[in-house]
Amino acid sequence: MPPASGDLYEKRKGVYPKAVDGFYRRLKWAIMAVTLAIYWGTPWIRWDRGPYAPDQAVLVDLAHRRFYMFAIEIWPHEFYYVAGLLVMAGIGLFLVTSAVGRAWCGYACPQTVWTDLYQHVERFIDGDRNAQIRLAKAPWSAAKAARRLAKWGVWLAIAFLTGGAWIFYFADAPTLQREFWTGSAAPVAYGTVGVLTATTFILGGFLREQLCIYMCPWPRIQTAMLDEKSLVVTYKDWRGEKRASLKKAEAHPGDFGDCIDCNQCVAVCPTGIDIREGPQIGCITCALCIDACDKVMAQVGRPRGLIDYCTQEDAEAEKNGAPSRPILRTLLRPRTIAYAAIWTSIGAAMLFALGARTRIDIAAQQDRNPIFVRLSDGAIRNAYMVKVRNMEARPRPVRVKVEGLADARLWTDAMPRDAAAPSVTATVPADSVAKLRIFIAAPPAGPARQDFRFTVTATDREGGDAREPARFERP
Amino acid sequence: MADASDKRIDTATGTELKGHEWDGIAELDTPLPRWWLWTFYATILFAIGYCIAYPAWPLVSDYTRGTLGWSSRGTLEQELAAREAQIAPIHKAIADTSITDLPGRPHLMQAAVEGGRAAFKVHCVQCHGSGAAGAKGYPNLNDDDWLWGGDLATIERTIVDGVRNPDHDATRQSIMPAFGRDQLLTGTQVDDLVAHVRVISRQDKPGAASQRGARLFADNCAVCHGADGKGSRTLGAPNLTDGIWLYGGDAGTIRETIWNSRQGVMPRWDDKLDKATIRMLAAYVHSLGGGEATPVEAANGAE
Ligand code: SF4
Ligand code: SF4
Chain E
84 MPPASGDLYE
94 KRKGVYPKAV
104 DGFYRRLKWA
114 IMAVTLAIYW
124 GTPWIRWDRG
134 PYAPDQAVLV
144 DLAHRRFYMF
154 AIEIWPHEFY
164 YVAGLLVMAG
174 IGLFLVTSAV
184 GRAWCGYACP
194 QTVWTDLYQH
204 VERFIDGDRN
214 AQIRLAKAPW
224 SAAKAARRLA
234 KWGVWLAIAF
244 LTGGAWIFYF
254 ADAPTLQREF
264 WTGSAAPVAY
274 GTVGVLTATT
284 FILGGFLREQ
294 LCIYMCPWPR
304 IQTAMLDEKS
314 LVVTYKDWRG
324 EKRASLKKAE
334 AHPGDFGDCI
344 DCNQCVAVCP
354 TGIDIREGPQ
364 IGCITCALCI
374 DACDKVMAQV
384 GRPRGLIDYC
394 TQEDAEAEKN
404 GAPSRPILRT
414 LLRPRTIAYA
424 AIWTSIGAAM
434 LFALGARTRI
444 DIAAQQDRNP
454 IFVRLSDGAI
464 RNAYMVKVRN
474 MEARPRPVRV
484 KVEGLADARL
494 WTDAMPRDAA
504 APSVTATVPA
514 DSVAKLRIFI
524 AAPPAGPARQ
534 DFRFTVTATD
544 REGGDAREPA
554 RFERP
Chain F
11 MADASDKRID
21 TATGTELKGH
31 EWDGIAELDT
41 PLPRWWLWTF
51 YATILFAIGY
61 CIAYPAWPLV
71 SDYTRGTLGW
81 SSRGTLEQEL
91 AAREAQIAPI
101 HKAIADTSIT
111 DLPGRPHLMQ
121 AAVEGGRAAF
131 KVHCVQCHGS
141 GAAGAKGYPN
151 LNDDDWLWGG
161 DLATIERTIV
171 DGVRNPDHDA
181 TRQSIMPAFG
191 RDQLLTGTQV
201 DDLVAHVRVI
211 SRQDKPGAAS
221 QRGARLFADN
231 CAVCHGADGK
241 GSRTLGAPNL
251 TDGIWLYGGD
261 AGTIRETIWN
271 SRQGVMPRWD
281 DKLDKATIRM
291 LAAYVHSLGG
301 GEATPVEAAN
311 GAE
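Chains as they are written, first to last, in my numbering: chain E, 84 to 558; chain F, 11 to 313.
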């Protein structure tokens, strides 16, 4: 038996935001254009890395476990750079949030940007707010179906073009493009394009503000990071209330505030809220209501800024008669400066580490079974698996030696025992790890466990070396 | 039993009440959601279908086999067969390449070493230990001391024919007399020999006993171990002057060896393992660090 009255959840009310123009609307267009251009363009930038590495400037090479970013090449064991970038992204977000509230949500979040894009398509095909509402209520007809199909078609095309471009970050873009259209790309490429197209279509076309309000955890976190000094979209109620229509206000000058109750701010809001009810979690600070209201204020000849970016502190002050402060003044304060300082120092530390990192590396693992072997001349032999990593995009000659093990003689399984010498040489192929099985023989007299170090030195012009502690064991 | 007149309806939701109340809180008799019920029925149907299609119920001495004929053992057999088919060509190539030619084909050699590593774990570790380090009486295969020779071809032959295999004519043979037990030498003579061996292995300083032992050695032992005690690979006689002892280099153990002799045995493997496996084992043993280069004559005359 269905409940007779009162559902557990309120039903979704359709949101049909009205077109608006103004400073923030144009800012949003500009940001959308720039970010999309970066997103689409980046994989196509070439970067010559010589014959041994791909010449795509930004490439996540999962198969070979390398990450290329212009002159920087990251190996899996250098994952801390990625961790560092994530920390920087996090702190960057803290910084932006404490300074300008949910600016990420309003301007940069893909959900917002794509929803915005989709709404423009919707307006282009279905008409503006009123036409949309009418069409939504109209019974299904051929005309309505045609419009819907057209809209969904364009949405799908956008989803495909934007979501699909993601794969170019993971393979050589021109090759993948060709393979994709000739049907010879890897199945995972088609899968990724399919999934991203579908999610973009559904999230941007149908879920829209519901994702921002009910599914996304970020608003909860962000609202916790805001304080009374953060810039948020604020309706200045002390100036607007009590509301009255233009006519009524003219009839009773002095009795009413500046808000003429035209509801434009509600009509343009992409999340369908009424900012005049105060700050609320549904507001993504997209500032479209500011544009709408400013336009109204200009038409009725009142000062702009009835709805504006304003900190709560300033709002309080203004209510008590203080003049409004310029937006930029509110950005600099201890908290934002502290975040900015942390952010830049992490960035500087990473840059320094990147500049100072060695391009050659060595790791050694001792054979444990048997730990040592007595040779016929009485010497004791230990065996090691030594890995020499060459992070340059060209083969490099190296010399491996031991330090701190007197009279040790080294040889590998690739050379005869009589060629044993205090050091062995090898050539490590470009961008790879050479596995050397190294035998070390040392005189039987000595401590049962002796610590020493392997050293590897590149013997070409650029040089560079690395060390690795190891242990020699005797009976 | 509550009759119809007892039914109370919650005014706010229009749902029937269960009829009980605790501290003023009454429970609604809300029906299970449709989707939940249908999912539940679907799982029941699925379970029935599953029991029919797959092995499910244990019987007294058997079990229901399912109409698909699937079994985990069958899957395993398929996987094993697939694996077998995958490595068969490599095995064939290894079997078809003479052991002395293997090092010239690094790819095959590498496969052989890896295959040998696995085969060693199955067939050889019982005596030679999992790291091939041997034990008292079982040679350490990692070192550079070889009774019969440490090049690839010789190692392979040792595996093929075994050592002192009583049922095999081609086996590696070496027989050391039991000098004490068979009364070829007296107790003092054996002691003198021990003293000499300790000297040539640089464990003791020469003395009167060792000088007497040196003469005894020349008469009794040099035939196999050589005048200088360096041994003979043809005869499988160990080198007595190096640092490696199969049974032990202390005076007591050497005495026991001379008194009773030593007759270690290794099975022949050509009747148990195929050619490729033996070749892989030889390659693996050779790779352990003590492997020697193939002598020129052997390389020319091989197979
Ligand atoms: S209230 Fe204004 S700033 Fe907030 S989401 Fe709506 S239009 Fe954007
Ligand atoms: S747009 Fe401005 S004037 Fe119109 S209702 Fe909103 S706050 Fe009031």
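Note that beta-carbon positions come from the ideal geometry of N, C-alpha and C, so glycine has one too. Owing to the predicted nature of the structure, the values given are computational and were not obtained by experimental measurement.
7 Å CB neighbourhood of residue i in its chain, flanking five on each side removed
i, result
"Asp13 of chain F", "Note that Asp13 of chain F scores a pLDDT of 48, beneath 50, so its modelled location is shaky; the value from the coordinates is reported in the next line. Closer than 7 Å at the Cβ level, and outside the excluded window around Asp13 of chain F, lies no residue."
"Leu194 of chain F", "Pro187"
"Glu486 of chain E", "Phe535, Arg536, Thr538"
"Ser211 of chain F", "Leu250, Thr251, Gly259"
"Gly97 of chain E", "Ala219"
"Lys285 of chain F", "Ala105"
"Thr368 of chain E", "Gly184, Arg185, Ala186, Cys188, Gly189, Val315, Val316"
"Met11 of chain F", "Per-residue confidence for Met11 of chain F stands at a pLDDT of 43, beneath the threshold of 50, marking its modelled position as unreliable; no derived number is given."
"Ser515 of chain E", "Asn473"
"Met276 of chain F", "Gly172, Val173"
"Leu458 of chain E", "Arg464, Ala524"
Cutoff 8 Å; reference residue i; Cβ partners in own chain excluding five residues on either side
i, result
"Met115 of chain E", "Val196, Asp199, Leu200"
"Thr419 of chain E", "Leu178, Ser181, Ala182"
"Leu162 of chain F", "Ile109, Thr110, Leu112, Pro113, Ala292, Ala293, His296, Gly301, Thr304"
"Arg206 of chain E", "Ala102, Gln215"
"Pro85 of chain E", "Legend: pLDDT at Pro85 of chain E = 46, less than 50; position of this residue unreliable, value from coordinates given subsequently. No residues qualify anywhere along the chain."
"Asp344 of chain E", "Arg326, Ala327, Ser328"
"Val165 of chain E", "Phe150, Ile157"
"Ile19 of chain F", "Thr25, Glu26, Leu27"
"Thr181 of chain F", "Asp171, Gly172, Val173, Arg174, Asn175, Arg278"
Cβ separation of residue i and residue j, assumed to be a contact under 8 Å, to the nearest whole Å
i, j, result
"Pro137 of chain E", "Asp255 of chain E", "6 Å"
"Arg132 of chain E", "Gln293 of chain E", "Not really, about 45 Å apart at Cβ, beyond 8 Å."
"Trp279 of chain F", "Val170 of chain F", "6 Å"
"Ala350 of chain E", "Arg212 of chain E", "6 Å"
"Ala504 of chain E", "Val471 of chain E", "That belief does not hold up - the Cβ atoms of Ala504 of chain E and Val471 of chain E are roughly 17 Å apart, past 8 Å."
"Ile268 of chain F", "Val200 of chain F", "5 Å"
"Gly173 of chain E", "Ile429 of chain E", "Between Ile429 of chain E and Gly173 of chain E the Cβ distance is about 10 Å, and since that is not below 8 Å, they are no contact."
Closest Cα partner of residue i within the set the options
i, options, result
"Cys393 of chain E", "E:Ile373, E:Val383, E:Met380", "E:Ile373"
"Asp310 of chain E", "E:Glu396, E:Ile157, E:Arg148, E:Pro505", "E:Glu396"
"Cys314 of chain F", "F:Ala57, F:Lys282, F:Pro305, F:Pro149", "Chain F is shown only over 11 to 313; residue 314 of chain F falls outside these bounds and no answer can be derived."
"Val481 of chain E", "E:Ala549, E:Leu488, E:His335, E:Asp211", "E:Ala549"
"Asp496 of chain E", "E:Trp130, E:Arg230, E:Ile523", "E:Ile523"
"Pro499 of chain E", "F:Gly236, F:Gly190, F:Gly253, F:Gly160", "F:Gly160"
"Ile454 of chain E", "F:Ile254, F:Gly141, F:Arg75, F:Gly217", "F:Gly141"
"Ser313 of chain E", "E:Gly274, E:Thr413, E:Leu434, E:Ala439", "E:Thr413"
"Ala36 of chain F", "F:Phe50, F:Thr21, F:Leu47, F:Arg44", "F:Thr21"
"Arg385 of chain E", "E:Cys352, E:Gly323, E:Ala431, E:Phe263", "E:Gly323"
"Thr23 of chain F", "F:Tyr51, F:Thr40, F:Leu245, F:Ala232", "F:Thr40"
Neighbourhood of residue i by C-beta distance below 6 Å, restricted to the same chain and skipping five residues each side
i, result
"Gln139 of chain E", "Asp255"
"Pro126 of chain E", "Phe251, Tyr252, Ala256"
"Ala447 of chain E", "Tyr467, Val469, Phe537, Glu551, Ala553"
"Lys402 of chain E", "Trp321"
"Ala205 of chain F", "Ala219, Ser220, Gly223"
"Leu142 of chain E", "Tyr151"
"Arg291 of chain E", "Thr198"
"Phe243 of chain E", "Thr280"
Any non-hydrogen atom of ligand 3 within 6 Å of residue i CB
i, result
"Ile296 of chain E", "As far as ligands go, the structure on display features ligand 1 and ligand 2 and does not contain ligand 3."
Go through the region 140-177 of chain F residue by residue and report every complete run of the beta strand (DSSP E) that reaches 3 residues or more, in order. none
To be precise: take each residue of the region 123-154 of chain F, compare its Cβ to all Cβ atoms of chain E, and keep it if any distance is under 7 Å. Which residues remain? The region 123-154 of chain F vs chain E, Cβ under 7 Å: Ser140, Gly141, Ala143, Asn150, Asn152, Asp153, Asp154.
Whole beta strand (DSSP E) elements within the region 227-287 of chain E, 3-residue minimum: none
In chain order, what are the residue ranges of uninterrupted alpha helix (DSSP H) at least 4 long that sit wholly in the region 103-152 of chain E? Secondary structure remark: continuous alpha helix (DSSP H) runs of at least 4 residues inside the region 103-152 of chain E, in chain order: 106-124.
Can you list, in chain order, the stretches of the alpha helix (DSSP H) that have 4 or more residues and sit fully within the region 367-433 of chain E? Fully enclosed alpha helix (DSSP H) runs of 4 or longer: 371-383, 395-402.
Which runs of the alpha helix (DSSP H) at least 4 residues long sit entirely within the region 157-202 of chain E? Give them in chain order. 163-183
Quick one, which residues of the region 249-269 of chain F are near chain E if we go by CB-CB under 8 Å, in chain order? Residues Asn249, Asp252, Gly253, Ile254.
Using a Cβ-Cβ cut-off of less than 9 Å, list which residues of the region 293-306 of chain F approach chain E; keep chain order. Ser297, Leu298, Gly299, Gly300, Gly301, Glu302, Ala303
With 7 Å as the limit, tell me which residues of the region 453-473 of chain E have their beta carbon closer than that to any beta carbon of chain F; keep them in chain order. Hits within the stretch, in order: Pro453, Val456, Arg457, Leu458, Ser459, Asp460, Gly461, Arg464, Ala466.
Using a Cβ-Cβ cut-off of less than 8 Å, list which residues of the region 496-513 of chain E approach chain F; keep chain order. Asp496, Pro499, Arg500
Length-filtered (3 minimum) beta strand (DSSP E) runs lying within the region 493-539 of chain E: 506-511, 515-525
Entirely enclosed beta strand (DSSP E) segments - the region 310-377 of chain E, minimum 3 residues: Here the runs fully enclosed are 314-318.
For the region 512-530 of chain E, list every residue whose C-beta sits within 7 Å of some C-beta in chain F, in sequence order. Cβ contacts with chain F come from Phe522.
What are the uninterrupted segments assigned as alpha helix (DSSP H) that are 4 or more residues long and contained completely in the region 186-211 of chain F, given in chain order? 197-210
Where in the region 46-127 of chain F do unbroken runs of the alpha helix (DSSP H), each at least 4 residues long, occur, reported from the N-terminal end onward? 82-106
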